[in-house]
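Peer 1: Shown below is the structure under consideration.
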Amino acid sequence: MGDYSRDTFRLTNALHAELTGDPVADARHYVGVRLQQGVPLLDADWNELEDIRRFDLEATLLNFFGDGIPTNNNGFAIGPVTADNDFSIGAGLALVGGKLVINRDGQLTYSGQPAGVFTPAPGPLAPPATGTRDDLVYLDVFESEVASTEAPLPDFRLTNPTVGVETARRVERQWVVRVEEGAADLAAVPTQAGHTYLALARLQRVENQPRILATRIFDLRRTDLNVAENLKIPVNVQRGPDLVNSATLAQLFDNLRVALLDRQANHLLFVDGVADHERSVVYFALQHLVQVCSTGALQAMTHSLAEADALAVLRELYDAQHDFVDVLEANGDDSPSGPGSPAAAAFVARYRELLDGAVATVGIQDPLDAADVVGAFAGQQVLTAWLGSAGDSLPEGTVQVDYLDVQPVEDLVGGSTYDITVGVTSQVTTSNQASETFDISIELSSNLWLVDRTADEITLDNNGGSGELVFTVTTNPGNLQCDFTATARARRNVTIESPVNALALEIGQTPTVAAILQYAGPRFNFDGRLELLSAALPLSVLRIDYSLNNRTPADHTYRVSGFLALDTADETGWDPVAGSEEVVSTLVTADSSVDRSITVSGPDVGAGVTGTFTLTLNRIDDVDVPVADRETVAVPFITV
């Protein structure tokens, strides 16, 4: 041993007791050594620091990784050779007791291991005198101190030629492959202090058979040890407002299963007309599809799907749906409810479009081929919504998001919280239901800012129904600016999505919320238009209702103008401005709203004429608003 003052790691550290089992009085878990000014530099401090770093890593590897051979490696594989009572030892890596062990000799055999270095040296091998015997091949790992001149393995390079002495010794990790006759596992191996062991193989020895054949070697190594490859990190992929995680995947699979079973119960899968001898084939395909849904939902709910797994399950779901559609089409007949009917042909054609994509449909196949989990998920959502809608009718139209209020009204302060009121207006014009549910997602352009996402859905009447949601945002001075983007998406038809509309937030600035001016008139018709009585236009009795929202702590006066414009280029006799400008400005007190209306006038143009009515906020407190900053509300109309 070298000349050391003392071993403070062995005397004090809980890691020593953890790794060796040796008792340590009043053990402390020291994780670092800090050198002070004006004191002697001792070898004990240097050595303790090195021991802490090394043994901390070993304890981590031992307890959280375990023993084994890493991925794409065949380290210490035991294989046959042509010589009797011998075997090869494969080159590569192993992790044993938290220690990385390396064999760089690709030609090494058991008998070819260096002699005279290990105590005891590996003994010769021989088959049993009679019968059979199992022998355990194992790796013995230990560490030795190496000096420049002392046996058994001196390294002259450790002498520093500049000073002519050996200034520091080294600790070398060594290993040897041993065989324990008649042993089935490591429990039968005699142990030595400071040694760790790894079972490599079991040799089945037979009397009068000195050659160790490949068929008599049974690998005991734990291979493919790779945390990055095998640790399941549940899928969590977000792109803009779109999020795919375990919960959303489970819901997707379950929704598809329910939609298929409901369709079948209501005779909308066109299976009823299939001939008896062919019906079982169709039912088997449907049963397999439902089983994929159930299995996928279970895997997602138990957080067993990483991103690559989620992509594979979505691919399996795609294939199962294609198989069902193929079998349904192949076994069709011409009965009204059978798969050969015109209705069934349209069903199959639409199903294929949603799976594979069409002119107006992205589909599922292209995102899957691009390994795009979010895209494939969105495509399956559209397909599932179509299957789940009664009478194959999905809602159509648009949805609008507005930022109505930020409280408290002040210049934003870093680290403070603010309530942002988001208004959602349904402009769904075609639906087989009176209302639709919209999922609301929030995206922040800075990960340092936080948002409370507890409110994530809202149900609104179609054709103009509106509602509000409040989200709490916490600012962070680490990013002075952050865009807050709320997106609304119809649950039964995810293609109905609000336009991207961000609220700019900046520390030190008061947010400018939109919607001082809002339309407050009657609901639109099913074509998404306001109906105006053409006969009443010349009489100037038509009124367009709107509201003014003052979200500031001060009173303000607003003036609004509006005009009608026809879609046709010929507006002969049509005065779009006359009678449509607000004569008296409106005073709106602090933090309040008022409802007003504008009188609309014009000639009798007859029924069926379409156009747009536009409201404009053009003056605040008797100061004209710059044209580029004026708020406008466009209302499409039709005369009746």
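My numbering puts the first residue of the sequence shown at 6, with every later residue one more than the last.
Note that CB positions come from ideal geometry on N, CA and C, so glycine has one too.
All values reported here derive from a predicted model rather than from experimental measurement.
1) Does the stretch 126 to 146 touch the stretch 50 to 70, meaning 3 or more C-beta pairs lie closer than 8 Å?
2) Counting Cβ pairs, one atom from each stretch, are 3 or more of them under 8 Å apart for the stretch 94 to 113 and the stretch 196 to 203?
3) To the nearest angstrom, report how far apart Val-456 and Ala-363 are at their CA atoms.
4) Mind reading off the beta-carbon distance from Asp-600 to Ala-525? Whole number of angstroms is fine, and I expect it under 8 Å.
5) If you follow the alpha helix (DSSP H) that Pro-641 is part of, which residue opens it and which one closes it?
6) Taking Cβ to Cβ, would you say Leu-474 is nearer than 8 Å to Phe-489?
7) Would you kindly report the start and end of the unbroken beta strand (DSSP E) that includes Gln-405?
8) For a quick check, are the C-beta atoms of Lys-237 and Ser-309 less than 8 Å apart?
9) Over the uninterrupted beta strand (DSSP E) stretch that includes Trp-180, give me the two end residues.
10) First and last residue of the alpha helix (DSSP H) that includes Gln-42?
11) I'd like the ranges of any alpha helix (DSSP H) spanning at least 4 consecutive residues and lying wholly in the stretch 229 to 293.
12) Between Ile-57 and Leu-20, what straight-line distance do the alpha-carbon atoms span, to the nearest angstrom?
13) Based on DSSP bridge pairs, tell me the residues matched to Phe-69.
14) Taking C-alpha atoms, which residue in Asp-466, Ser-539, Gly-71, Cys-487 lies nearest to Pro-400?
15) Just the C-alpha distance for Asp-12 and Thr-167, rounded to the nearest angstrom, thanks.
16) Given this structure, state the Cα-to-Cα distance separating Ala-30 from Leu-24, to the nearest angstrom.
17) Please report the distance separating the alpha-carbon of Ser-180 from that of Asp-145.
18) Are three or more beta carbon pairs between the stretch 305 to 324 and the stretch 248 to 255 nearer than 8 Å?
19) Need the endpoints of the beta strand (DSSP E) that Arg-624 sits in, please.
20) Among Ser-590, His-34, Gly-37, Leu-16, whose alpha-carbon lies nearest the alpha-carbon of Asp-27?
21) Tell me whether Arg-494 is buried or exposed, calling it buried when 16 or more other Cβ atoms sit within 10 Å of its Cβ.
22) Quick one, which of Thr-500, Glu-502, Gly-513, Gly-470 has its alpha-carbon nearest Asn-484's?
23) Considering just the uninterrupted stretch of the beta strand (DSSP E) at Gly-26, what are its terminal residues?
24) Can you have a look at Gly-611 and say buried or exposed, based on whether 16 or more other CB atoms are within 10 angstroms of its CB?
25) From what residue to what residue does the alpha helix (DSSP H) around Leu-319 run?
26) Assign Pro-75 to one of three DSSP states: helix, strand, or coil.
27) Using the Cα positions of Ala-570 and Phe-642, report the straight-line distance between them to the nearest angstrom.
28) What does a CB cutoff of less than 7 Å around His-561 pick up in its chain, not counting 5 residues either side in sequence?
29) Would Tyr-143 be called buried (16 or more neighbouring beta carbons within 10 Å of its own) or exposed?
30) Please identify the residue among Asp-277, Asn-260, Asn-241 whose C-alpha is closest to the C-alpha of Glu-312.
31) On a Cα-Cα basis, can you pick out the residue from Val-614, Asn-165, Pro-504 that is closest to Leu-537?
32) Just mark Asp-629 as buried or exposed, buried being the case when its beta carbon has 16 or more other beta carbons within 10 Å.
33) Would you mind sorting Thr-76 into buried or exposed? The rule is 16 or more other CB atoms within 10 Å of its CB.
34) Tell me the rounded alpha-carbon separation between Ser-340 and Gly-393.
35) Just to confirm, are Ile-549 and Phe-618 a CB contact at a threshold of 8 Å?
36) DSSP has Asp-466 in a bridge; who is on the other side?
Peer 2: In this structure, then:
1) With the cut-off at 8 Å, the stretch 50 to 70 and the stretch 126 to 146 do not touch.
2) yes
3) Near 38 Å, if we compare the C-alpha coordinates of Ala-363 and Val-456.
4) 6 Å
5) Not the alpha helix (DSSP H): Pro-641 falls in the beta strand (DSSP E), residues 636 to 644.
6) no
7) Following the DSSP letters along the chain, one finds Gln-405 inside the beta strand (DSSP E) bounded by residues 401 to 412.
8) yes
9) 175 to 186
10) Segment: none, Gln-42 is in no alpha helix (DSSP H) and carries neither H nor E.
11) Whole alpha helix (DSSP H) segments, 4+ residues: 232 to 235, 251 to 270.
12) 8 Å
13) According to DSSP, Phe-69 bridges with nothing at all.
14) Asp-466
15) 28 Å
16) 15 Å
17) For the record, residue 180 in the displayed sequence is Trp; it is not Ser. Spanning the alpha carbons of Trp-180 and Asp-145 requires a straight line of approximately 5 Å.
18) yes
19) Per DSSP, Arg-624 is one residue of the beta strand (DSSP E) stretching across 615 to 625.
20) Leu-16
21) buried
22) Gly-513
23) That residue, Gly-26, is in no beta strand (DSSP E); it is neither H nor E in DSSP.
24) exposed
25) Run containing Leu-319: 312 to 335, per the alpha helix (DSSP H) assignment.
26) Secondary structure at Pro-75: strand, using DSSP grouped into helix, strand and coil.
27) 10 Å
28) Asn-555, Val-593, Ile-625, Asp-626
29) Flag for Tyr-143 reads buried.
30) Asn-241
31) Per the C-alpha coordinates, the member of Val-614, Asn-165, Pro-504 positioned closest to Leu-537 is Val-614.
32) exposed
33) exposed
34) Confidence at Ser-340 is low in this model, with a pLDDT of 45, below 50, so the placement of that residue should be treated as unreliable; the coordinate-derived value is given next. Rounded to whole angstroms, Ser-340 to Gly-393 spans 24 Å at the Cα level.
35) yes
36) Ser-440
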